[in-house]
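Enquirer: Taking the working numbering, the leading residue of the sequence shown gets 1474, the next gets one more, and so forth. For glycine and all other residues, C-beta sits at the position ideal for the given N, C-alpha and C.
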Amino acid sequence: MNKAIDHLEGLYRDFFAKMEQGFCILDLIFDRDGKPVDYRFLAANPAFKDQSGLSYPVGKTIKELVPNIEEKWVERYGHIALSGESMQFIEGSEALGRWFEVSAYRLGDEDSRKVALIFTDITMRKKQESELWQLKDQLSNIVDNAGSGLMLFDSKGHVLQANHLAAMYQGYQSREELLNISMIQNSRRFYEKFDVLDENGEPFNPDDSPVKRAFFGEENPQVTIIQIDRTTGKKRWFLARSRRIEVTPDDIQILFIINDISLQKKHQQVEASLLATENRFRHMADNISQLAWMTDEKGSIFWYNERWFSYTGTTLDEMKGWGWTKVHHPDHVNRVVKKINRCFAEGRNWEDTFPLRSRNGEYRWFLSRAVVIRNVRGEITNWFGTNTDITDQLQASEKLSYQKGLLEAQHKTSPMGILVVDPDQRILMYNQRFEEIHRLDGTVDLVGKHESLLRELTRRLFKDRSRPESTLEKIYSTRAQSHDKMYFKDGRIIEWFGAPVLGEKGEYFGYAFSYIDVTEQENLLRQKDEFLAVASHELKTPVTSILAYTQLLQRQFENSDDLLTYQMLTKINQQINRLTVLINDLLDATKIEQGKLSLRKEEFDFNEMVQEMVEEVQRISSSHKISIRSEENRSVFADRDRLGQVVINFLTNAIKYSPQADRVDVAIEYMPDKVRLSVTDYGMGLSEKDAQMVFERFFRVEGKDRETFSGLGLGLFISSEIVQRHGGKIGVDSTFGEGSCFYFLLPLG
């Protein structure tokens, strides 16, 4: 229990030490009248200083640290200490110059007068909120006082904002009627109330709406329409335009601007009205993610958006005209100036890529563009430019180029053959080692060809022609990882591995294969298996004879006075039994490899078999108590002896690998068509890596901090084969340092 408590306390200490919020414990100080007058810090986590700005608070009172601290803090925490009421609140402190989001609660009973705080410095957030509201009010005033009808659509086509002119022009009584309705709803109502003609007097096609065209990606679409009220017959001219606003790459908003140009049509004053409207909304560019600027007709910059000043740390006085060259990299500025001057002189759009210096002296790369703005007579009035930060994209491109070069080098030097196909099984690449393995002479270039051509060219090489083809067809359809061996007529054995090539979001890009010649290893394994089969078989007969003679001698000395000899014979007998188990494991492993492990199936009581195995192991193990849990009893049709061998292996392993524990739990669970047996120990457990390999032949848990246990590493391998040959499933759930649960599921029939 003490260990558990210590462990839990350690977890809490580690949690509070690593948490990003500030945490502290206060001891409230009261005067004789029970009024809170101060509080002392009893504990604080490392984040306390960053969140509060106070250093080394433990042992000090708040008024020692901040003499002018507001009394509201002492009064509030005093109330919590006395009442036990927990509080969550947001409060600012002029003395500390910060805003905090606080969770406070009392520790212990009402006499403890201790309060715990978890708090976060939200000063920056409060400042941003204040600035955001100010900006919102400013934009609202601009929109309401604009001389144009304005509507802002979100990326789904719903109206986010509209002024009274936009509502009036479209037949609404107030702008509130426009808010949150969809573009489709607005369009339907509009065409019900008005007849709409184009500037030539022909019926206007709704698909030419600038809002719809902007949603489909057109830059700055505009139309001139004639609007006729069906009720009054009043006719008005309008210039309707849309602008795409990229809030983020995934959030595109559309600004719809509609101007009544009826008078301008009569008096030819469209130009002045358009320019005035454009100027009123020039400041909306402050909200875009790029750096933005505007020049006069000669190319002299007179306006930048706030993003420019925020990034460069400059002012308009520093940057206006040609002052922008001060933040350009000296290695690039002359080239940039030369190119942009040429575009200004020729009156064409400009694009370039170069680094700009940030306020902290760092240079980042930007893709920069400027477009020409002309009046109705085609004269250049302004240039509007943007700078888009592409540093991350360039770095990603460089990294991708490096990775591509590295991959190509690995393909050339790899001892493995490599093949990559696209989702349609067309070959993307293969290396020289792949050609050597498949005896390709290089006369046929397979890149771009379907993988079936490769199979056609190499089919003659295999002993079993159908096996590779059926395997490949299966993995292409399932897109699963795969592993198999190919046996060539010339005696070579090639082991291959395959895996789907997937993107970060699970996109399927094709399949990759690797091939390695394992002929020598396979021959060595075969020779080893043959040796083990002969050796274990030859050992079994003399060991059986030795066991018989030992048991005979043991019985002769059982009732004699020579106790020492009897004990020595008993130990010899135990060691011979261990040797017999090892020999039987080797024989079983050899049978498995040769496909000769046979099963003698019969119907038997499964619970009774498990009980017998538990009793047999319990007789020779006094260190652990083995318990069995089962709510019912059924019969199974299987090899009783082989399944008993699996159960004994599970039980002996559980005892062997939990020397510090004193119990092993066995559970039997029946399902409609199968039974599940599990053996749980409370020992050292397995790492995730070991748990994946524990059923492999000759695998033994090893490590510098792990005790070494005797055995060949064949028991679980044999158990796995026995269960699988019964059509069952074997597995393990394990937590390193806490224990393991080995289990198998077996069909009842």
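Counting only runs of 3+ residues fully inside the stretch 1810-1874, write out the beta strand (DSSP E) ranges in chain order.
Expert: With a minimum length of 3 residues, the continuous beta strand (DSSP E) runs that stay inside the stretch 1810-1874 are 1823-1830, 1836-1847 and 1853-1862.
Enquirer: Would DSSP call Glu2211 helix, strand or coil?
Expert: Within the sequence shown, numbered from 1, the residue matching residue 2211 stands at position 738. Residue state, collapsed to three classes: coil.
Enquirer: Using three-state DSSP, classify Gln1695 as helix, strand or coil.
Expert: Position 222 of the sequence shown, counting from 1, holds the residue named residue 1695. Strand at Gln1695.
Enquirer: For Ser1841 versus Tyr1784, is the C-beta distance shorter than 7 Å?
Expert: Reading the sequence shown from its first residue, position 368 is the one you call residue 1841. Reading the sequence shown from its first residue, position 311 is the one you call residue 1784. No, the pair does not count as a contact, with Cβ atoms beyond the cut-off.
Enquirer: Would you call the stretch 1892-1910 in contact with the stretch 1793-1806, where contact means no fewer than 3 C-beta pairs closer than 8 Å?
Expert: The answer is no - the stretch 1793-1806 does not touch the stretch 1892-1910, with fewer than three Cβ pairs under 8 Å.
Enquirer: In terms of DSSP beta bridges, what is Phe1573 paired with?
Expert: Numbered from 1 along the sequence shown, position 100 holds the residue referred to as residue 1573. Beta-bridge pairing links Phe1573 to Glu1564 and Asp1594.
Enquirer: Given this structure, state the Cα-to-Cα distance separating Gln1700 from Leu1736, to the nearest angstrom.
Expert: Residue 1700 sits at position 227 when you count from the first residue of the sequence shown. Residue 1736 sits at position 263 when you count from the first residue of the sequence shown. So the alpha carbons of these two residues sit roughly 14 Å apart.
Enquirer: At which residues does the beta strand (DSSP E) containing Lys2147 begin and terminate?
Expert: Counting from 1 along the sequence shown, the entry for residue 2147 is found at position 674. That run of the beta strand (DSSP E) goes Lys2147 to Thr2153.
Enquirer: Counting only beta-carbon atoms, is His1802 nearer than 7 Å to chain B?
Expert: The structure shown has no chain B; it contains just one protein chain.
Enquirer: From the DSSP output, in three-state form, read off Ser1441 for me.
Expert: Outside the displayed span of the chain (1474 to 2222) sits residue 1441, for which this structure offers no information.
Enquirer: Leaving out five residues before and five after Ala1568 in sequence, what residues of the same chain have Cβ atoms less than 7 Å from its Cβ?
Expert: In the sequence shown, residue 1568 corresponds to position 95, counting from 1. Once the five neighbours on either side are set aside, the close Cβ partners of Ala1568 are Val1539, Asn1541, Ile1542 and Glu1543.
Enquirer: Could you give the distance in angstroms between the alpha-carbon of His1923 and the alpha-carbon of Lys1877?
Expert: Position 450 of the sequence shown, counted from the first residue, corresponds to residue 1923. Position 404 of the sequence shown, counted from the first residue, corresponds to residue 1877. Cα-Cα distance, rounded: 23 Å.
Enquirer: Count the other CB atoms, across all protein chains shown, that sit within 10 Å of the CB of Ile1553; report buried if there are 16 or more and exposed otherwise.
Expert: In the sequence shown, counting from the first residue as 1, residue 1553 sits at position 80. So Ile1553 counts as buried.
Enquirer: Go to Ile1731, then tell me how far its beta strand (DSSP E) extends in each direction, as first and last residue.
Expert: Counted from its first residue, the sequence shown places residue 1731 at position 258. From DSSP, the beta strand (DSSP E) with Ile1731 extends over Asp1724 to Asp1733.
Enquirer: Are the beta-carbon atoms of Ala2164 and Ser2207 separated by less than 7 Å?
Expert: Along the sequence shown, read from residue 1 onward, the residue named residue 2164 stands at position 691. Along the sequence shown, read from residue 1 onward, the residue named residue 2207 stands at position 734. For Ala2164 and Ser2207, yes; Cβs fall inside 7 Å.
Enquirer: Is Leu1926 helix, strand or coil when you go by DSSP?
Expert: The count along the sequence shown starts at 1 and reaches residue 1926 at position 453. Three-state result, Leu1926: helix.
Enquirer: Quick check on DSSP: helix, strand or coil for Lys1885?
Expert: Reading the sequence shown from its first residue, position 412 is the one you call residue 1885. Looking at Lys1885 - three-state DSSP - the assignment turns out to be helix.
Enquirer: Taking 7 Å as the cut-off, decide whether the C-beta atoms of Pro1530 and Ala1517 are in contact.
Expert: Residue 1530 sits at position 57 when you count from the first residue of the sequence shown. Residue 1517 sits at position 44 when you count from the first residue of the sequence shown. Going by C-beta atoms, Pro1530 is nearer than 7 Å to Ala1517.
Enquirer: Are the beta-carbon atoms belonging to Asn1778 and Asp1790 less than 7 Å from one another?
Expert: The count along the sequence shown starts at 1 and reaches residue 1778 at position 305. The count along the sequence shown starts at 1 and reaches residue 1790 at position 317. Result no, Cβ atoms of Asn1778 and Asp1790 do not sit closer than 7 Å.
Enquirer: Tell me the DSSP secondary structure of Phe1689 in three-state form.
Expert: Taking the first residue of the sequence shown as 1, we reach residue 1689 at position 216. It is coil, neither helix nor strand.
Enquirer: Could you tell me which residues DSSP puts in a beta bridge with Ser2103?
Expert: Sequence index remark: in the sequence shown, residue 2103 carries index 630 (1-based). DSSP lists Ile2141 as partners of Ser2103.
Enquirer: For the alpha helix (DSSP H) containing Tyr1784, list its first residue and its last residue.
Expert: In the sequence shown, counting from the first residue as 1, residue 1784 sits at position 311. Glu1779 to Thr1785 is the extent of the alpha helix (DSSP H) around Tyr1784.
Enquirer: Rounding to the nearest angstrom, what Cα-Cα distance links Gly1620 and Lys1522 in this structure?
Expert: Here residue 1620 refers to the residue found at position 147 when the sequence shown is read from its first residue. Here residue 1522 refers to the residue found at position 49 when the sequence shown is read from its first residue. Roughly 53 Å between the two C-alpha positions.
Enquirer: Along the chain, which unbroken stretches of the alpha helix (DSSP H) at least 4 residues long are found entirely within the stretch 2075-2122?
Expert: With a minimum length of 4 residues, the continuous alpha helix (DSSP H) runs that stay inside the stretch 2075-2122 are 2079-2093.
Enquirer: Between Asp1500 and Lys1587, is the Cβ-Cβ spacing less than 7 Å?
Expert: As a first step, residue 1500 is located in the sequence shown; it is residue number 27 there, counting from the start. As a first step, residue 1587 is located in the sequence shown; it is residue number 114 there, counting from the start. Yes, they are a contact pair.
Enquirer: For Val1547 and Tyr1512, I'd like the C-alpha separation in whole angstroms.
Expert: Counting from 1 along the sequence shown, the entry for residue 1547 is found at position 74. Counting from 1 along the sequence shown, the entry for residue 1512 is found at position 39. Computed Cα separation, rounded: 7 Å.
Enquirer: Give the single residue among Phe1782, Lys1811, Gly1786 and Val1800 whose Cα lies nearest to the Cα of Gly1772.
Expert: By 1-based counting over the sequence shown, the position of residue 1772 is 299. Of the candidates Phe1782, Lys1811, Gly1786 and Val1800, the one whose C-alpha sits nearest the C-alpha of Gly1772 is Lys1811.
Enquirer: Who does Tyr1988 pair with in a DSSP beta bridge?
Expert: Sequence index remark: in the sequence shown, residue 1988 carries index 515 (1-based). Looking at the DSSP assignment, Tyr1988 forms a beta bridge with Gly1890 and Trp1969.
Enquirer: Can you grab the Cα-Cα spacing for the pair Asp1963 / Ser1874, in whole Å?
Expert: Locating residue 1963 in the sequence shown gives position 490, counting from the first residue. Locating residue 1874 in the sequence shown gives position 401, counting from the first residue. If you take the alpha carbons of Asp1963 and Ser1874, they lie about 41 Å apart.
Enquirer: Please report the residue range of the beta strand (DSSP E) in which His1552 lies.
Expert: Locating residue 1552 in the sequence shown gives position 79, where the first residue counts as 1. Element bounds for His1552: not the beta strand (DSSP E) but the alpha helix (DSSP H), Glu1544 to Ser1556.
Enquirer: Which residue or residues does DSSP assign as beta-bridge partners of Val1974?
Expert: If you number the sequence shown from 1, residue 1974 lands on position 501. Beta-bridge pairing links Val1974 to Gly1983.
Enquirer: From Phe1961, Lys1958, Val1991 and Gln1954, pick the residue whose C-alpha is nearest to that of Leu1975; which is it?
Expert: Within the sequence shown, numbered from 1, the residue matching residue 1975 stands at position 502. Per the Cα distances, Gln1954.
Enquirer: Taking Cβ to Cβ, would you say Pro1896 is nearer than 7 Å to Gly1983?
Expert: The residue labelled residue 1896 in the question sits at position 423 within the sequence shown. The residue labelled residue 1983 in the question sits at position 510 within the sequence shown. In contact: Pro1896 and Gly1983 (Cβ atoms closer than 7 Å).
Enquirer: Per DSSP, what kind of secondary structure is Thr1788 in: helix, strand or coil?
Expert: By one-based count along the sequence shown, residue 1788 stands at place 315. It is coil, neither helix nor strand.
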